[in-house]
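A.B. asks: One structure is given below, represented as structure tokens, and several questions about it will come after.
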Amino acid sequence: MTKRADNGLSPQIRVLSGGEHRVLAGIGHVDPGSLDGYREHGGYAGLERAVAHLGPEGVIDEIGRAGLRGRGGGGYPTAAKWRSARGRRAERRIVVANLMGADPAALGDRALAEGNPHLVLEGLLIAAFATGASEAILAVRRDWTAAIERLRTAVAQAEEQRFAGYLVMGTDFSCQVSVQEGSGALVAGEETALLAALAGDRGMPVIRPPYPTERGLWGAPTAVHNGETLAHAAWIMSHSAEAFASVGSEASRGTRLVTIHGRVPQPGVAEVPLGTPVGEIARLAGAGRGIKALFVGGAGGGALSGGELTMPYDYEPLRAAGAGIGLGQLLVTDDATCMVDTARFFLDWSAREACGKAIPCRIGTRRLVEALDRILAATPRPNDFTMLRELSRRMADTALCNLEARAPGPMLTTLARFPDEYRAHAERGGCLAGACATPELPPLVAPLADIETAPAAETR
Ligand SMILES: Cc1cc2nc3c(=O)[nH]c(=O)nc-3n(C[C@H](O)[C@H](O)[C@H](O)COP(=O)(O)O)c2cc1C
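If you use this note's numbering, the sequence shown corresponds to residues 1 to 460, in order.
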């Protein structure tokens, strides 16, 4: 049996102090195995308010007023998604909690599912009520064994006490909840791939539109939500839209779970108001002065330089900088980190995890890695830098899913911000960070003219 920390979380998950604990607040205080314990902390008051007082339209209005945006990366307004699913004429509707943890470096959803499973379940039931769904699925990454076990227990307890199942709380709202395990692949968290896998097909994306809220699992309108989004929905229903909206940025209200890792003394998960400067977030994990770059959003995100630490942690500013919020990953690097090698790491991971359905993705990501390998080995082809940018652009234009569209992000953003590191590797085989074991070679006869970079914001 895996050893667990006192707060009930797997040992690799540490909850950081500082920030604004809201959805993380229950962790360490609420017994994850007890519905009564959850009730003592106000649990299921949100569902009760929704079902007994607000009604589906009232719930959607409340979530809309709160300004909740999806925490799965895209930042799509949750109320709009619920309205779309509810507005379809259908006999059957479904809601899905996306707990696929596509990036193992993003620990927020796992912390919630392990530390406060009823909170995620309550959010899912509220989503089901609001959209008119009678089926709800908690789709969980297979190797999150503690989360799976606790979510199953939570569902059984909720059914027993009539918070889930038939005639919830004595009303005419019924919702069958199941927990389903899924593979831990990167693409498995993409919503259409997830729905394909849940339907028993191979977990590969399909073209949108139609969006899942129009035609999702088994053809039924389906609202797929990140686990953290659902936890915030439950929090909003029990604390009010105004309380939720009291922190955050103008465009993005509320808090966000961020997993801070890399060159920091205390890696862990922090809950911060959206719009907090990225450097301040890194400091919650003990990052000091020597931040060279922050890789935000994992393999589908991008790098900010140490000179951009005041940038607000928010969907639009990060996107405009060529990065992205992703699943809340924040990798801190220092002077001893090679930007080219780190970009290669992310790109290679995307290439390995590509499902293979879209040829430009399957071949394109591989070609990009090969070019980076040539650069790292100081054997670039004369037009490699042009090719990197051109191929990235084409991949984004033709992408079947965002794995492909966003895979070049870490490379494009480091190329824009740290061209000297690419130049040193390509022209001399030298690593400016002293991190790569590459022999120092004599300079090329002709310097590589095509390395000159486009501004970072134009790289995506
Ligand atoms: C490659 C890839 C992996 C993804 N992995 C996840 C994931 O692990 N968890 C998640 O919630 N969303 C993931 N998403 C986003 C989902 O497709 C979807 O937008 C999200 O679950 C919607 O939830 P939200 O409305 O709460 O943001 C991924 C997207 C892509 C392109």
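No residue lacks a Cβ here, since even glycine has one placed at the ideal position from N, Cα and C. Please read these numbers as outputs of a predicted model, since none were measured by experiment.
Can we count LYS357 as close to ligand 1, meaning its CB is less than 7 Å from some heavy atom?
C.D. replies: Numbered from 1 along the sequence shown, position 357 holds the residue referred to as residue 357. Not under cutoff, so the answer is no.
A.B. asks: How would you label ASN116, buried or exposed, when you count the other beta carbons within 10 angstroms and need 16 or more for buried?
C.D. replies: Locating residue 116 in the sequence shown gives position 116, counting from the first residue. Label assigned to ASN116: buried.
A.B. asks: For a test of your reading of the model: does the CB of GLU191 fall under 7 Å from any non-hydrogen atom of ligand 1? Yes or no.
C.D. replies: Translated into positions along the sequence shown, residue 191 becomes position 191. Answer for GLU191: yes, Cβ within range of ligand 1.
A.B. asks: Would you say GLY165 reaches chain B, if we count a Cβ-Cβ gap shorter than 8 Å as a contact?
C.D. replies: The structure shown contains no chain B; it is built from a single protein chain.
A.B. asks: Taking ALA303 as part of the alpha helix (DSSP H), name the residues at either end of that continuous run.
C.D. replies: Numbered from 1 along the sequence shown, position 303 holds the residue referred to as residue 303. No alpha helix (DSSP H) holds ALA303; the beta strand (DSSP E) holding it covers 302 to 305.
A.B. asks: Please report the distance separating the alpha-carbon of THR255 from that of PRO77.
C.D. replies: As a position in the sequence shown, residue 255 is number 255, starting the count at 1. As a position in the sequence shown, residue 77 is number 77, starting the count at 1. Rounded to whole angstroms, THR255 to PRO77 spans 15 Å at the Cα level.
A.B. asks: Could you tell me the alpha carbon to alpha carbon distance between ALA433 and VAL224, rounded to whole angstroms?
C.D. replies: Translated into positions along the sequence shown, residue 433 becomes position 433. Translated into positions along the sequence shown, residue 224 becomes position 224. Computed Cα separation, rounded: 42 Å.
A.B. asks: How many Å lie between PRO56 and HIS239 at the Cα?
C.D. replies: The residue labelled residue 56 in the question sits at position 56 within the sequence shown. The residue labelled residue 239 in the question sits at position 239 within the sequence shown. For PRO56 and HIS239, the distance between alpha carbons rounds to 17 Å.
A.B. asks: If you draw a straight line from the C-alpha of ALA105 to the C-alpha of ILE281, how long is it?
C.D. replies: Numbered from 1 along the sequence shown, position 105 holds the residue referred to as residue 105. Numbered from 1 along the sequence shown, position 281 holds the residue referred to as residue 281. Cα to Cα, ALA105 sits roughly 16 Å from ILE281.
A.B. asks: State the CB to CB distance for the pair ASN226 and ASP109, rounded to an integer number of angstroms; the pair is presumed to be in contact (CB under 8 Å).
C.D. replies: Position 226 of the sequence shown holds residue 226. Position 109 of the sequence shown holds residue 109. About 7 Å separates the two Cβ atoms, so the contact holds.
A.B. asks: For a test of your reading of the model: does the CB of THR229 fall under 7 Å from any non-hydrogen atom of ligand 1? Yes or no.
C.D. replies: By 1-based counting over the sequence shown, the position of residue 229 is 229. Under cutoff, so the answer is yes.
A.B. asks: Count the other CB atoms within 10 Å of the CB of ARG344; is the residue buried (16 or more) or exposed (fewer)?
C.D. replies: Here residue 344 refers to the residue found at position 344 when the sequence shown is read from its first residue. Counting Cβ neighbours within 10 Å, ARG344 comes out buried, since at least 16 surround it.
A.B. asks: Compute the Euclidean distance between the alpha carbons of THR213 and PRO221, then round it to the nearest angstrom.
C.D. replies: Taking the sequence shown and counting its residues from 1, one reaches residue 213 at position 213. Taking the sequence shown and counting its residues from 1, one reaches residue 221 at position 221. Cα to Cα, THR213 sits roughly 4 Å from PRO221.
A.B. asks: What residue range does the beta strand (DSSP E) around PRO273 cover?
C.D. replies: Within the sequence shown, numbered from 1, the residue matching residue 273 stands at position 273. First-last of the beta strand (DSSP E) with PRO273: 268 to 273.
A.B. asks: What's the C-alpha gap between PHE173 and GLU48?
C.D. replies: On the sequence shown, residue 173 is found 173 positions in, with the first residue counted as 1. On the sequence shown, residue 48 is found 48 positions in, with the first residue counted as 1. Spanning the two alpha carbons is a distance of roughly 11 Å.
A.B. asks: Determine the extent of the alpha helix (DSSP H) in which GLY262 is found, giving its start and end residues.
C.D. replies: Within the sequence shown, the letter at position 262 stands for residue 262. First-last for GLY262: 255 to 262, but that is the beta strand (DSSP E), not the alpha helix (DSSP H).
A.B. asks: Using DSSP's beta-bridge definition, name the partner residues of ILE137.
C.D. replies: By one-based count along the sequence shown, residue 137 stands at place 137. Its beta-bridge partners are VAL96, SER178.
A.B. asks: Kindly provide the ranges of any alpha helix (DSSP H) runs that are 4 or more residues long and lie completely inside the region 278 to 304, ordered along the chain.
C.D. replies: 278 to 284
A.B. asks: The beta strand (DSSP E) spanning VAL332 covers which residue range?
C.D. replies: On the sequence shown, residue 332 is found 332 positions in, with the first residue counted as 1. Segment 329 to 333, the beta strand (DSSP E) holding VAL332.
A.B. asks: Helix, strand or coil: how does DSSP classify ARG460 here?
C.D. replies: Translated into positions along the sequence shown, residue 460 becomes position 460. Because the pLDDT of ARG460 is 41, which lies under 50, any placement of that residue in the model is unreliable, and the question is left without a value.
A.B. asks: Tell me the rounded alpha-carbon separation between SER350 and VAL96.
C.D. replies: Working through the sequence shown from its first residue, we reach residue 350 at position 350. Working through the sequence shown from its first residue, we reach residue 96 at position 96. Straight-line Cα distance between these residues: approximately 25 Å.
A.B. asks: Do you know whose CA, among GLU135, ALA158, LEU107, lies nearest HIS118's CA?
C.D. replies: Taking the sequence shown and counting its residues from 1, one reaches residue 118 at position 118. When only C-alpha atoms are compared, the closest one is ALA158.
A.B. asks: Report the partner residues of ARG366 according to the DSSP bridge assignment.
C.D. replies: On the sequence shown, position 366 is the one that residue 366 refers to. ARG366 pairs with nothing; no bridge assigned.
A.B. asks: Is the Cβ-Cβ distance between ALA164 and VAL177 less than 8 Å?
C.D. replies: The sequence position of residue 164 within the sequence shown is 164, counting from 1. The sequence position of residue 177 within the sequence shown is 177, counting from 1. Against a cut-off of 8 Å, the Cβ pair of VAL177 and ALA164 comes out as a contact.
A.B. asks: Enumerate in chain order the residues of its own chain whose CB-to-CB distance from ASN7 is below 8 Å, with the five nearest sequence positions on each side excluded.
C.D. replies: On the sequence shown, residue 7 is found 7 positions in, with the first residue counted as 1. For ASN7, where only same-chain residues beyond five positions count, the Cβ hits under 8 Å are VAL15, ILE27, GLY28, GLY115.
A.B. asks: If we ignore side chains and look at the alpha-carbon of each, how far apart do GLY262 and VAL332 end up?
C.D. replies: Position 262 of the sequence shown, counted from the first residue, corresponds to residue 262. Position 332 of the sequence shown, counted from the first residue, corresponds to residue 332. Each residue's alpha carbon lies about 5 Å from the other.
A.B. asks: Rounded to whole angstroms, what is the Cα-Cα separation between GLU404 and ALA90?
C.D. replies: Residue mapping note: residue 404 aligns to position 404 of the sequence shown, counting from 1. Residue mapping note: residue 90 aligns to position 90 of the sequence shown, counting from 1. Taking the straight line from one Cα to the other gives about 32 Å.
A.B. asks: Please report the distance separating the alpha-carbon of MET237 from that of GLN266.
C.D. replies: In the sequence shown, counting from the first residue as 1, residue 237 sits at position 237. In the sequence shown, counting from the first residue as 1, residue 266 sits at position 266. MET237 and GLN266: Cα-Cα distance of roughly 33 Å.
A.B. asks: According to DSSP, is ILE207 part of a helix, a strand, or is it coil?
C.D. replies: Walking along the sequence shown from the start, residue 207 turns up at place 207. Three-state DSSP puts ILE207 in coil, outside helix and strand.
A.B. asks: I'd like to confirm the pairing. Which residues does DSSP put opposite GLY19 in its beta bridges?
C.D. replies: Counting from 1 along the sequence shown, the entry for residue 19 is found at position 19. DSSP output for GLY19 lists no bridge partner at all.
A.B. asks: Would you list the one or two residues that DSSP bridges to THR222?
C.D. replies: The residue given as residue 222 occupies position 222 in the sequence shown. BP columns for THR222 point to ILE94.
A.B. asks: If distances are taken between C-alpha atoms only, which option among ALA127, GLY74, GLY279, THR310 comes closest to SER84?
C.D. replies: Residue numbering aside, residue 84 sits at position 84 when the sequence shown is read from its first letter. Among ALA127, GLY74, GLY279, THR310, the Cα nearest to that of SER84 belongs to ALA127.
A.B. asks: Return yes when the C-beta of VAL187 is under 7 Å from any heavy atom of ligand 3, and no when it is not.
C.D. replies: No copy of ligand 3 appears in this structure; the ligands present are ligand 1.
A.B. asks: Can you tell me whether DSSP reads ILE63 as helix, strand or coil?
C.D. replies: Here residue 63 refers to the residue found at position 63 of the sequence shown. If DSSP states are grouped into helix, strand and coil, ILE63 belongs with the helices.
A.B. asks: What did DSSP end up calling MET1 once you bin it into helix, strand or coil?
C.D. replies: Residue numbering aside, residue 1 sits at position 1 when the sequence shown is read from its first letter. Residue confidence is low: MET1 scores 44 on pLDDT, short of 50, so the model does not pin down where it sits. No coordinate-derived value is stated.
A.B. asks: State the DSSP-derived secondary structure class of ILE236, mapped to helix, strand or coil.
C.D. replies: Taking the sequence shown and counting its residues from 1, one reaches residue 236 at position 236. Note: ILE236 maps to helix in three-state DSSP.
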